[in-house]
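As structure tokens, the structure follows; a few thoughts come after it.
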Amino acid sequence: MKIIIAGAYAIGTYLAKLLTRNNYNIVIMDSDVESLEKLNRDFDLMAMNASPTSIKAQKEAGAQDADLFIAVTHDENVNLNACMIAHQLGAKKTVAKVNTYEYSLPQNQDLFRKMGINSIIYPEMLAAKDINAGLKMSWVRQRWDVHDGALVMLGIKLREGCEILSRPLREISGPDDPFHIVAIKRAGETIIPGGNDQLELNDLAYFMTKKNFIPYIRKIVGKEHYVDVKNVMVMGGGTTAVRAVNTMPEYMNTKIIESNERRCEELNDLFDSEDVLVINGDGRDVSLLVEEGIRNTQAFVALTSNAETNILACLTAKRMGVRKTVAMVENIDYVNMAESLDIGTIINKKVIAASHIYQMMLDANVHNVKFLMTSNADVAEFVPVQGSKITRKPVKDLGLPKGMTIGGIVRGKEGMLVSGNTMIEPGDSVVVFCHNVDMKKIEKLFN
Numbered sequence: 004m005k006i007i008i009a010g011a012y013a014i015g016t017y018l019a020k021l022l023t024r025n026n027y028n029i030v031i032m033d034s035d036v037e038s039l040e041k042l043n044r045d046f047d048l049m050a051m052n053a054s055p056t057s058i059k060a061q062k063e064a065g066a067q068d069a070d071l072f073i074a075v076t077h078d079e080n081v082n083l084n085a086c087m088i089a090h091q092l093g094a095k096k097t098v099a100k101v102n103t104y105e106y107s108l109p110q111n112q113d114l115f116r117k118m119g120i121n122s123i124i125y126p127e128m129l130a131a132k133d134i135n136a137g138l139k140m141s142w143v144r145q146r147w148d149v150h151d152g153a154l155v156m157l158g159i160k161l162r163e164g165c166e167i168l169s170r171p172l173r174e175i176s177g178p179d180d181p182f183h184i185v186a187i188k189r190a191g192e193t194i195i196p197g198g199n200d201q202l203e204l205n206d207l208a209y210f211m212t213k214k215n216f217i218p219y220i221r222k223i224v225g226k227e228h229y230v231d232v233k234n235v236m237v238m239g240g241g242t243t244a245v246r247a248v249n250t251m252p253e254y255m256n257t258k259i260i261e262s263n264e265r266r267c268e269e270l271n272d273l274f275d276s277e278d279v280l281v282i283n284g285d286g287r288d289v290s291l292l293v294e295e296g297i298r299n300t301q302a303f304v305a306l307t308s309n310a311e312t313n314i315l316a317c318l319t320a321k322r323m324g325v326r327k328t329v330a331m332v333e334n335i336d337y338v339n340m341a342e343s344l345d346i347g348t349i350i351n352k353k354v355i356a357a358s359h360i361y362q363m364m365l366d367a368n369v370h371n372v373k374f375l376m377t378s379n380a381d382v383a384e385f386v387p388v389q390g391s392k393i394t395r396k397p398v399k400d401l402g403l404p405k406g407m408t409i410g411g412i413v414r415g416k417e418g419m420l421v422s423g424n425t426m427i428e429p430g431d432s433v434v435v436f437c438h439n440v441d442m443k444k445i446e447k448l449f450n
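To convert a position in the sequence shown, counted from 1, into this note's numbering, add 3.
Below, the structure is given as structure tokens:
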């Protein structure tokens with residue numbers, strides 16, 4: 004597959020890292036020589052010093068033969084124009100990153116498709132969805148819904164009080180149990196577990212279950228004492244904060260702490276809800292936090308542009324009794340540090356955007372792909388075609404690649420957990436977890 008990436012910035016760099024794992028033919032275009040040299044040095048790709056909106060440069064890059072053209076520069080106008088040019092030259096699919104909320108609205112997508120742009124990526128809204136998913140369940144690090152909740156993946160940090168520690172998974176997660184453990188993050192290592200593996204204290208365990216069993220999962224992991232989030236404090240009043248607050252459930256009351264006085268005035272004009280209070284101040288100021296009711300706050304969300312500030316602010320909030328913390332950490336180098344310091348939910352817009360773009364590169368019928376950043380693993384929702392290899396034998400006889408497991412399936416509208424005797428049928432939505440596996444190998448099972 005030939006892929007052209009316009010923009011050697013955060014998302015483009017991360018995409019290059021993600022895609023070179025699967026040996027794609029990648030060209031990355033940018034006018035920043037220094038960024039290109041680093042990419043060329045670190046990854047197996049072709050770096051091209053040129054403007055993405057140059058017709059000549061796009062032809063030289065091979066846009067006419069591209070399976071996918073991805074424009075993720077800082078300038079949305081460059082991205083949109085580059086995609087339109089690539090489409091006219093013959094690129095099969097195009098993706099453009101935008102900074103304007105209006106462009107991401109569903110009613111406008113048909114207009115962009117007519118212009119030759121197959122998909123619009125608005126990272127701030129994608130991040131807002133992840134933030135709100137984390138806030139709705141204060142005891143969960145990460146949540147991912149398959150088919151509107153027919154199946155649910157929950158990433159949970161295991162503490163003392165968890166009643167399923169130190170027992171083989173075959174005893175606690177058998178064919179008749181209402182959950183499967185599909186991945187474990189332990190001391191920096193990701194494990195796709197087998198029946199003999201055990202859960203240990205401080206593991207980050209990924210559960211696949213059905214929505215009606217979530218209260219049961221909460222009980223067995225010892226999280227019933229975690230209060231639900233009603234009062235939220237947000238540090239930083241940028242675009243991501245605006246999108247997150249505007250899409251929070253109505254029952255949540257929100258205070259936004261913003262250090263820039265002019266931005267505070269803008270925020271007051273943006274929010275018309277009585278449940279949103281804008282405060283001018285420094286979110287790291289302990290006396291301000293106390294004055295504004297941090298001790299009666301269930302969630303603290305740090306969304307400034309500085310990763311260190313966000314991490315430190317979350318640690319301060321945790322010391323003051325806040326159960327749920329969310330930090331935006333745009334520097335990948337800080338992600339593991341944030342996790343080791345027990346920051347609840349970590350948000351990285353470039354990783355979230357890359358996950359959405361990634362699914363367009365897969366040949367099989369893939370509805371959803373999510374990259375589990377803290378576990379360096381992928382979870383994807385595949386749909387097998389008639390006669391595909393994965394439909395010919397029970398799961399236990401398929402010889403799945405090492406590092407891959409099947410979390411569950413959705414048949415019709417019903418979610419089902421998978422056992423060794425499960426027969427997957429054409430048209431099922433199959434949730435696959437994989438770590439250090441070439442996605443192309445998995446695709447072959449479904450095609």
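Positions of the beta carbon are idealized from the N, C-alpha and C atoms, including for glycine.
Worksheet entry | Distance, V293 Cα to V1 Cα | Residue 1 is absent from the model: the chain starts at 4 and stops at 450.
Fill in: Residues of its chain near G152, where Cβ-Cβ distance is below 7 Å and the 5 sequence neighbours each way are ignored
Excluding sequence neighbours, G152 sits near K214.
Discussion item. Could you pull the DSSP bridge partners for N234 from this structure?
Written reply: Beta-bridge pairing links N234 to N256.
Discussion item. Given this structure, state the Cα-to-Cα distance separating S343 from L318, to the nearest angstrom.
Written reply: If I take the Cα positions, the gap works out to 11 Å.
Worksheet item: Could you give the residue range of the beta strand (DSSP E) that holds Y104?
Response: Element bounds for Y104: not the beta strand (DSSP E) but the alpha helix (DSSP H), 104-107.
Worksheet item: Beta carbon of I454, beta carbon of I314: below 9 Å?
Response: Past the edges of the chain, shown from 4 to 450, lies residue 454, and the structure says nothing about it.
Discussion item. To test your reading of the DSSP string, which unbroken beta strand (DSSP E) runs of 3 or more residues are found completely within the region 183-230?
Written reply: Runs found: 192-194, 207-212.
Practice prompt. Output the boundary residues of the alpha helix (DSSP H) element that contains M128.
Written response: 126-139 is the extent of the alpha helix (DSSP H) around M128.
Discussion item. By the three-class DSSP mapping on this structure, what secondary structure does K416 have?
Written reply: If DSSP states are grouped into helix, strand and coil, K416 belongs with coil.
Practice prompt. Below 7 Å CB to CB, which residues in the same chain sit around M491 once its five sequence neighbours on both sides are set aside?
Written response: Nothing can be reported for residue 491: it is not among the residues displayed for the chain, which extend from 4 to 450.
Worksheet item: Bridge partners of R287, per DSSP?
Response: None, per the DSSP bridge assignment.
Worksheet item: Excluding sequence positions up to five away, which residues of its chain have a Cβ less than 7 Å from the Cβ of A64?
Response: The residues I7, V30, M32, M51, in chain order, have a CB closer than 7 Å to that of A64 in the same chain once the five nearest residues on each side in sequence are set aside.
Practice prompt. Compare the C-alpha of A99 against each of V75, M331, M118, T250 and name the closest.
Written response: Relative to the Cα of A99, the nearest Cα in the group V75, M331, M118, T250 belongs to V75.
Worksheet item: Is K62 buried or exposed, if buried means 16 or more other CB atoms sit within 10 Å of its CB?
Response: K62 should be labelled exposed.
Worksheet entry | Neighbourhood of M236 by C-beta, 6 Å cutoff - its chain only, sequence neighbours within 5 removed | K258, T300, F303.
Worksheet item: If you follow the beta strand (DSSP E) that M331 is part of, which residue opens it and which one closes it?
Response: Counting along the chain, the beta strand (DSSP E) containing M331 begins and ends at 327-331.
Discussion item. If we require 4 or more residues per run, which alpha helix (DSSP H) segments fall completely within the region 290-325?
Written reply: The DSSP assignment places 310-322 as complete runs of the alpha helix (DSSP H) inside the region 290-325, in order along the chain (cut-off: 4 residues).
Fill in: Local conformation of V281 per DSSP, three classes
Here V281 sits in strand by DSSP.
Item to complete: Rounded to whole angstroms, what's the CA-CA distance from L69 to N84? Just pull it up for me.
Response: One detail in the question is off: residue 69 reads as Ala in this sequence, not Leu. Across the structure, A69 and N84 are spaced so that their CA atoms are roughly 16 Å apart.
Worksheet item: How is K444 classed by DSSP in three states: helix, strand or coil?
Response: Of the three classes helix, strand and coil, the one that applies to K444 here is helix, per DSSP.
Item to complete: Answer with buried or exposed for A190, where buried requires no fewer than 16 other C-beta atoms within 10 angstroms of its C-beta.
Response: Burial state of A190 is exposed, judged by a 10 Å Cβ sphere holding fewer than 16 other Cβ atoms.
Worksheet item: Just how far apart, CA to CA, sit E295 and D231?
Response: Inter-residue distance for E295 and D231 is about 19 Å (C-alpha atoms, whole angstroms).
Worksheet entry | Helix, strand or coil at F436 [DSSP, three-state] | F436 falls in the strand class under three-state DSSP.
Worksheet item: What three-state label does DSSP hand M340 in the structure shown?
Response: The answer is helix: DSSP assigns M340 an H, G or I state.
Fill in: Nearest neighbour of K352, chosen from F46, N263, R246 [CA to CA]
Of the candidates F46, N263, R246, the residue whose Cα lies closest to the Cα of K352 is R246.
Worksheet item: Would DSSP call S122 helix, strand or coil?
Response: Look at S122 here: in three-state DSSP terms it is strand.
Fill in: Endpoints, the alpha helix (DSSP H) within which G15 is located
For G15, the enclosing alpha helix (DSSP H) begins and ends at 13-22.
Practice prompt. Taking only the alpha-carbon atoms, compute the straight-line gap between K444 and I88 and give it to the nearest angstrom.
Written response: If you take the alpha carbons of K444 and I88, they lie about 33 Å apart.
Item to complete: State the Cα-Cα distance for the pair T408 and I393, rounded to the nearest angstrom.
Response: Cα to Cα, the separation comes out at about 12 Å.
Worksheet item: If you follow the beta strand (DSSP E) that R146 is part of, which residue opens it and which one closes it?
Response: Unbroken beta strand (DSSP E) run through R146: 145-149.
Worksheet item: Roughly how many whole angstroms lie between the Cα atoms of D45 and I159?
Response: When rounded, the distance between both Cα atoms is 34 Å.
Worksheet entry | Separation of T242 from E333, as counted between CA atoms | In this structure, the CA atom of E333 is about 14 Å from the CA atom of T242.
Fill in: Secondary structure of V369, DSSP reduced to three states
Note that V369 has pLDDT 49, beneath the 50 cutoff, so the model's placement of it is unreliable and no number is given.
Worksheet item: Using a threshold of 8 Å, is the CB atom of I159 nearer than that to any non-hydrogen atom of the ligand NAD?
Response: In terms of ligand content, the structure shown is empty, and the ligand NAD therefore cannot be addressed.
Worksheet item: How many angstroms separate the CA atom of L306 from the CA atom of V248?
Response: One C-alpha to the other measures close to 11 Å.
Item to complete: Can you tell me which of the three DSSP states T408 falls into?
Response: Strand, per DSSP.
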